[in-house]
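See structure below.
Here you go:
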C-alpha cells in the first residue's frame, strides 16, 4: 500500500530533509509540497541536491487538495502551525515539527513562546513525539508534536536515569553544542560565515532557552515531582549535529547499566561500552543516537554524552519514525541508511 504524503513548509531545512528521507521510503509517495514564498517553483530550484527526484511543484497550502492526502508533515515556523493545523481536515493524520503542540500546559506555552496558544481545541489531543517513550500513544494519534532537537538529545541521556532512580534530580547540568542548521534557513546576521566560523558562543543562556519547557514537562512527569535542569546551548560552526555533555551526580556504572537496560531493544539508540564517548561525526545524516558514559575523578559524579543529527533524528527522521507508527508501517522504514562519514 502506498501512503500519500504532503509536506507543508517544504522549502526549509526540515522539509528538504523529509523529501530526502521519503525518497527511499518503500511505501510513501509525496503528492503535495507547500512553500508559501516559493510557490510555483520546483524543488530542484530551491534545493538543487534534490533535482534527481520527480516531485510536485511547490504551492500555497490553500491550494492543496487534502482529500488526496493520508498524512501531512507540518514543517512550518513556530506559531504558524497552530493556525494552519486547526483548519486542516479533522480526519487527516498530522506530524508537526514545530513547537506549537509540544507543551501540554497552555500557560507553559505562553511563558516560553511569549503568546497565547491559538488552537487550544486541538492542543489537548496532541501526543508528544519522543518515539521511544510514547510509541503506543503515537500509534493511536491523529496529531503528533515533534520534540525540539535539543530537548530530544537531553532526554535520551537523562530520562532513563530518572526512571531508574540512579541520579540526584537536583544536580543535572546539560552543556550542549548545536550545528547551524538548527537555527533554520532564514537569513540571520549572526549566522553569516564570517561571523560564525572559527568560533563558538553560548546562546539563550541562564534558563532562557525554550526547550527548557520540554525538559521541565517531561522530566517532572517521569519523576513525579518538579525537576529543573541547568541547560546551556552553544552554537558551533558545523552544519549538522548536536552533542550534549550531561553532568550528573550518581555512580557511573549504575548510570551506564540503566541506559543499557532502557535501550537494549531500540533500533536507533546505541549505548557505547563503558568509558567510550561518541562524536557527532558518528551519527551525521542518520536517525541514530549514540550515548556514552564515563566516571569522573570526583567520586559519585559521571558524564553522559549523547549525540544525534538535529535535522534527522532530532526532527525529520523522528517525524518519519512517528509517521510510520501512525500509518501502521514498520517503524524503521526509510530510516536505515548508515551515517555519512567523513
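Numbering (the UniProt record's numbering), first residue to last: 1 to 342. A virtual CB, placed ideally from N, CA and C, is assigned to each residue, including glycine. The structure displayed is predicted, hence computed values, not measured ones.
>> Under 8 Å, with one C-beta from each stretch per pair, do the region 89 to 99 and the region 143 to 151 reach the 3-pair mark?
In response: yes
>> Taking the alpha helix (DSSP H) that residue 259 belongs to, which residues open and close that run?
In response: Residue mapping note: residue 259 aligns to position 259 of the chain shown, counting from 1. First-last of the alpha helix (DSSP H) with residue 259: 252 to 263.
> Can you give the beta carbon distance from residue 182 to residue 310, rounded, assuming they're within the 8 Å contact cut?
Replying inline: Along the chain shown, one-based indexing puts residue 182 at 182. Along the chain shown, one-based indexing puts residue 310 at 310. With 8 Å as the limit, residue 182 and residue 310 qualify as a contact, their Cβ atoms being about 5 Å apart.
> Since residue 231 is in the beta strand (DSSP E), which residue starts that stretch and which ends it?
Replying inline: If you number the chain shown from 1, residue 231 lands on position 231. Here the beta strand (DSSP E) through residue 231 covers 230 to 235.
> When every heavy atom of the ligand GDP is checked, does at least one fall within less than 7 Å of the C-beta of residue 58?
Replying inline: This structure simply doesn't include the ligand GDP, nor any ligand for that matter.
> Using the C-alpha atoms, what's the distance from residue 335 back to residue 20?
Replying inline: By 1-based counting over the chain shown, the position of residue 20 is 20. By 1-based counting over the chain shown, the position of residue 335 is 335. Roughly 11 Å between the two C-alpha positions.
> Can the beta-carbon of residue 160 be found closer than 8 Å to that of residue 196?
Replying inline: Mapped onto the chain shown, residue 160 falls at position 160. Mapped onto the chain shown, residue 196 falls at position 196. No.
> Taking only runs of the beta strand (DSSP E) that begin and end inside the region 144 to 196, which ones reach a length of at least 3 residues, in chain order?
Replying inline: 172 to 178
> From residue 222 to residue 55, what does the alpha carbon distance come to, in whole angstroms?
Replying inline: In the chain shown, residue 222 corresponds to position 222, counting from 1. In the chain shown, residue 55 corresponds to position 55, counting from 1. Taking the straight line joining both Cα atoms gives about 42 Å.
> Would DSSP call residue 248 helix, strand or coil?
Replying inline: Taking the chain shown and counting its residues from 1, the one referred to as residue 248 is at position 248. If DSSP states are grouped into helix, strand and coil, residue 248 belongs with the strands.
> To the nearest angstrom, how far is it from the Cα of residue 100 to the Cα of residue 297?
Replying inline: Locating residue 100 in the chain shown gives position 100, counting from the first residue. Locating residue 297 in the chain shown gives position 297, counting from the first residue. Each residue's alpha carbon lies about 42 Å from the other.
> Buried or exposed: where does residue 116 fall if 16 or more other Cβ atoms within 10 Å of its Cβ makes it buried?
Replying inline: To locate residue 116, count along the chain shown from 1; it is residue 116. The residue in question, residue 116, is exposed, as its Cβ has fewer than 16 Cβ neighbours within 10 Å.
> With DSSP run on the structure shown, which of helix, strand or coil describes residue 102?
Replying inline: Position 102 of the chain shown, counted from the first residue, corresponds to residue 102. The three-state secondary structure of residue 102, taken from DSSP, is coil.
> Looking at the unbroken alpha helix (DSSP H) that takes in residue 326, where does it start and where does it end?
Replying inline: Translated into the one-based positions of the chain shown, residue 326 becomes position 326. Note, residue 326: alpha helix (DSSP H), 317 to 326.
> In chain order, what residues of the same chain have a beta carbon less than 6 Å from the beta carbon of residue 9, not counting five sequence neighbours either side?
Replying inline: Taking the first residue of the chain shown as position 1, residue 9 is located at position 9. So the list reads 15, 75, 76, once near-sequence residues are dropped.
>> Which complete beta strand (DSSP E) runs does the region 63 to 115 hold, if anything under 3 residues is left out?
In response: Taken in chain order, the whole beta strand (DSSP E) runs of length 3 or more contained in the region 63 to 115 are 71 to 74, 93 to 96.
> DSSP beta-bridge partners for residue 28?
Replying inline: Residue mapping note: residue 28 aligns to position 28 of the chain shown, counting from 1. According to DSSP, which records beta bridges pairwise, residue 28 is partnered with 3.
> Candidates 62, 44, 119: which alpha carbon is nearest residue 81's?
Replying inline: Residue mapping note: residue 81 aligns to position 81 of the chain shown, counting from 1. Of the candidates 62, 44, 119, the one whose C-alpha sits nearest the C-alpha of residue 81 is 119.
> Under a Cβ-count criterion, where at least 16 other Cβ atoms within 10 Å of its own Cβ denotes burial, should residue 261 be classed as buried or exposed?
Replying inline: The residue given as residue 261 occupies position 261 in the chain shown. Under this definition residue 261 is an exposed residue.
> CA-CA distance, residue 172 and residue 102?
Replying inline: For the purposes of this step, residue 172 is identified with residue 172 of the chain shown, where counting begins at 1. For the purposes of this step, residue 102 is identified with residue 102 of the chain shown, where counting begins at 1. Looking at the two C-alpha atoms, the distance is approximately 22 Å.
>> The beta strand (DSSP E) that contains residue 306, what's its start and end?
In response: Here residue 306 refers to the residue found at position 306 when the chain shown is read from its first residue. Residue 306 -> beta strand (DSSP E) spans 301 to 308.
> Quick one, which of 180, 129, 179, 136 has its alpha-carbon nearest residue 155's?
Replying inline: Locating residue 155 in the chain shown gives position 155, counting from the first residue. It is 129.
>> At the level of alpha carbons, what is the spacing between residue 57 and residue 11?
In response: In the chain shown, counting from the first residue as 1, residue 57 sits at position 57. In the chain shown, counting from the first residue as 1, residue 11 sits at position 11. Their Cα atoms are separated by approximately 11 Å.
> What are the start and end residues of the beta strand (DSSP E) that includes residue 289?
Replying inline: Locating residue 289 in the chain shown gives position 289, where the first residue counts as 1. From DSSP, the beta strand (DSSP E) with residue 289 extends over 289 to 295.
> Starting from residue 22 and walking both ways along the alpha helix (DSSP H), at which residues does that stretch end?
Replying inline: Translated into the one-based positions of the chain shown, residue 22 becomes position 22. Start and end: 13 to 22.
>> Here's the rule I'm using: 16 or more other beta-carbon atoms within 10 Å means buried, otherwise exposed. How should residue 123 be labelled?
In response: To locate residue 123, count along the chain shown from 1; it is residue 123. So residue 123 counts as buried.
> What is the residue span of the alpha helix (DSSP H) that residue 340 lies within?
Replying inline: By one-based count along the chain shown, residue 340 stands at place 340. Neither: residue 340 is in no alpha helix (DSSP H) and is coded neither H nor E.
> How big is the Cα-Cα spacing for residue 108 and residue 132?
Replying inline: Stepping through the chain shown from its first residue, residue 108 is reached at position 108. Stepping through the chain shown from its first residue, residue 132 is reached at position 132. So the alpha carbons of these two residues sit roughly 24 Å apart.
> Looking only at C-alpha atoms, which of 78, 170, 337 sits nearest to residue 230?
Replying inline: To locate residue 230, count along the chain shown from 1; it is residue 230. Nearest of 78, 170, 337 to residue 230, Cα basis: 170.
> At what residues does the alpha helix (DSSP H) containing residue 138 begin and finish?
Replying inline: Walking along the chain shown from the start, residue 138 turns up at place 138. DSSP places residue 138 in the uninterrupted alpha helix (DSSP H) bounded by 135 to 139.
> According to DSSP, is residue 332 helix, strand or coil?
Replying inline: Position 332 of the chain shown, counting from 1, holds the residue named residue 332. In the structure shown, residue 332 sits in coil (DSSP, three-state: anything other than H, G, I, E or B).
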